[in-house]
Every structure is written in structure tokens, then in C-alpha cells.
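Q: Submitted below is the structure of interest, expressed as C-alpha cells.
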Amino acid sequence: MTQPTRPSAALPRAFFARDTHLVARSLLGARLVRIDRGRRLSGVIVEAEAYIGEADLGCHARSGRTARNAVMFGEPGHAYVYFTYGMHWMLNVVTEAEGRPAAVLLRAIWPMEGVAAMRRRRGRQPLADGPGKLCQALGIDGRLNGLDLCRPGARLFFEKGKAFAEADIVRGPRVGLDSVPEPWKSLPWRYRVLPEILRQRFGEG
DNA sequence: AGCACGATGCTCT
DNA sequence: GAGCATCGTGCTT
Numbered sequence: 001m002t003q004p005t006r007p008s009a010a011l012p013r014a015f016f017a018r019d020t021h022l023v024a025r026s027l028l029g030a031r032l033v034r035i036d037r038g039r040r041l042s043g044v045i046v047e048a049e050a051y052i053g054e055a056d057l058g059c060h061a062r063s064g065r066t067a068r069n070a071v072m073f074g075e076p077g078h079a080y081v082y083f084t085y086g087m088h089w090m091l092n093v094v095t096e097a098e099g100r101p102a103a104v105l106l107r108a109i110w111p112m113e114g115v116a117a118m119r120r121r122r123g124r125q126p127l128a129d130g131p132g133k134l135c136q137a138l139g140i141d142g143r144l145n146g147l148d149l150c151r152p153g154a155r156l157f158f159e160k161g162k163a164f165a166e167a168d169i170v171r172g173p174r175v176g177l178d179s180v181p182e183p184w185k186s187l188p189w190r191y192r193v194l195p196e197i198l199r200q201r202f203g204e205g
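By this note's numbering, the letter at position 192 of the first sequence is numbered 192, and the numbering carries on one by one without gaps.
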């Protein structure tokens with residue numbers, strides 16, 4: 001649909017080296033860009049969740065550093081991509097200072113560029129309104145785990161976008177943590193754009 | 001429109 | 001061997 005109107009720089013590492021809630025909140029409205037065989041696939045980020053530290057029992061870092069979660073302990077601005085439920089990839093971006101395991105899970109985008117290519121990957125199904133669907137639509141899998149999303153030339157990165165107003169964003173409990181103990185299960189660490197605001201800004205799906 | 005369930009394989013106990 | 005930061009189907013209101 002829309003083509004890029006100007007070259008834009010990837011969000012810098014300093015953007016991610018901050019409080020995880022602030023990063024999650026600030027990513028809403030930003031653009032997630034995937035370079036796929038030389039073409040841009042992108043969408044506006046409309047839902048994200050915060051996972052913070054070893055004390056957060058909903059976070060993969062809860063049991064300390066392992067082979068799977070090692071990237072989360074590293075430099076901010078890298079992709080933490082993992083496989084779950086035997087079939088789905090999840091995309092996170094590492095946040096906060098190096099050595100402190102924290103990340104933001106990308107849960108949904110509003111597709112903007114390369115919609116036909118995304119649809120080819122997704123079939124006749126909703127495009128990218130869930131973390132697994134998002135990864136499938138953008139062709140993201142474990143090969144991208146550890147990728148530096150702030151490095152020039154990266155095939156996956158973030159771009160600044162039109163921010164959403166505070167009133168356009170709702171917080172709520174994170175999804176899929178049914179067996180995680182309280183308070184972690186219910187903490188409002190999920191951030192998403194109100195549906196009516198999406199309709200207002202983007203029109204019907 | 002909503003809920004229950006099965007798929008399917010990796011990670012950690 | 002259990003559980004999982006999910007998804008699509010199929011069945012019930």
C-alpha cells in the first residue's frame with residue numbers, strides 16, 4: 001500500500017537501553033521493518049508486553065541464564081527470538097542495561113508495506129494480530145535470534161513513527177501466563193492501542 | 001461471538 | 001516427562 005517516502009534511521013540502541021515499560025509504551029506507533037529479499041515489509045506496532053528480570057516469574061529469565069534466554073542478558077537492541085508450542089516463533093527486543101535480562105514482546109502490528117507478501121505467508125488468515133502470526137507474516141524465525149536490530153543494514157529494525165496519545169493506550173495483564181503465580185500473572189504489563197483508535201487512524205481492516 | 005481443544009517440538013526438571 | 005509469552009478449527013449460543 002504505502003511506500004517509504006524517505007529513508008529513515010533505525011531506532012538507536014539508546015532507545016532500548018531504558019526502562020522496559022517505557023520502551024514497550026514508546027514502541028506503540030513505531031514501525032517494525034523487515035527486509036525480505038530486498039523488499040520492505042512493515043507495520044505499525046500496536047501491541048507489546050514487558051518482561052523484566054529474574055524476579056518476574058512470567059519472564060524466561062526467572063531461572064537465570066540458560067542457552068535459550070542468553071540473548072536477554074546481553075546488549076539492548078538485539079532480537080530475542082524463541083520457539084514455543086511446538087510451532088510458533090516469538091519476537092522480542094532486548095531492553096535495559098547489558099547484564100539485566102529484560103525484553104519487550106512484539107504482539108501485534110498493523111500491516112503497512114508488503115501486505116501482499118505477508119498475505120502469501122499467512123494464507124487467508126488474519127495478518128499479524130498475535131505474536132506468532134506477526135513472526136510468520138514477516139518471515140521471522142530462530143535464525144534471527146541475537147540479531148543486532150540497531151546495526152545499519154540489519155534486515156530487521158524499528159523506525160520512528162507517529163506516537164499514540166496516552167489516552168489511546170490501555171494496559172492489562174500479559175497474555176498466556178495462566179500458570180504463573182500472582183502478582184506476576186495479573187500485573188498490567190501489556191500495552192495496546194484501543195481498537196477504536198486503530199479504526200480511526202487506519203480505517204477498517 | 002465465544003469457548004474448548006489438539007497440534008507439535010523444544011527446554012528445563 | 002511436563003509445560004509452554006499460540007493458533008486455527010469446529011462446535012455451541
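Glycine included, each C-beta is placed from N, C-alpha and C at the ideal position. All figures in this text were calculated on a predicted structure; none of them were measured in a lab.
Between which residues of its own chain and Arg34 is the CB-CB distance below 6 Å, once the five residues before and five after are set aside?
A: Spatial neighbours of Arg34 in its own chain (CB-CB distance under 6 Å, excluding positions within 5 residues in sequence) are listed in chain order as Leu41, Leu138 and Leu156.
Q: Taking the beta strand (DSSP E) that Ala108 falls in, what are its first and last residues?
A: Ala102 to Glu113
Q: Where do the N-terminal and C-terminal ends of the beta strand (DSSP E) with Phe15 fall, by residue?
A: Note, Phe15: premise wrong, no beta strand (DSSP E); alpha helix (DSSP H) at Arg13 to Phe16.
Q: So Val175 is in the beta strand (DSSP E); what residue range does that whole segment cover?
A: Element bounds for Val175: n/a, residue is neither H nor E.
Q: CA-CA distance, Arg39 and Pro183?
A: Looking at the backbone, the Cα of Arg39 and that of Pro183 are separated by about 43 Å.
Q: Measure the C-alpha to C-alpha separation of Leu18 and Thr95 and round it to an integer number of angstroms.
A: Correcting the residue identity first, residue 18 is Arg in this sequence and not Leu. C-alpha separation (whole angstroms): 6 Å.
Q: Could you give the residue range of the alpha helix (DSSP H) that holds Glu204?
A: Glu204 -> no alpha helix (DSSP H), and no H or E assigned at all.
Q: Using C-beta distances below 7 Å, list every residue in its chain close to Val46, excluding the 5 sequence neighbours before and after it, in chain order.
A: Leu28, Ala108, Ile109, Trp110, Arg192, Val193 and Leu198
Q: Here's a check: name, in chain order, each residue in its chain whose Cβ is nearer than 8 Å to the Cβ of Trp89, leaving out the five neighbours to either side.
A: Val81, Tyr82, Phe83, Gly132, Cys135, Gln136, Ile140, Asp141 and Gly142
Q: Nearest by alpha-carbon distance to Val44: which of Asn69, His60, Ala128 and Met72 is it?
A: Ala128
Q: I'd like to confirm the pairing. Which residues does DSSP put opposite Ala48 in its beta bridges?
A: Note: Ala48 sits in a beta bridge opposite Leu106 and Tyr191.
Q: So what does Asp36 bridge to, in DSSP terms?
A: Arg39
Q: Need the endpoints of the alpha helix (DSSP H) that Leu134 sits in, please.
A: Pro131 to Leu138
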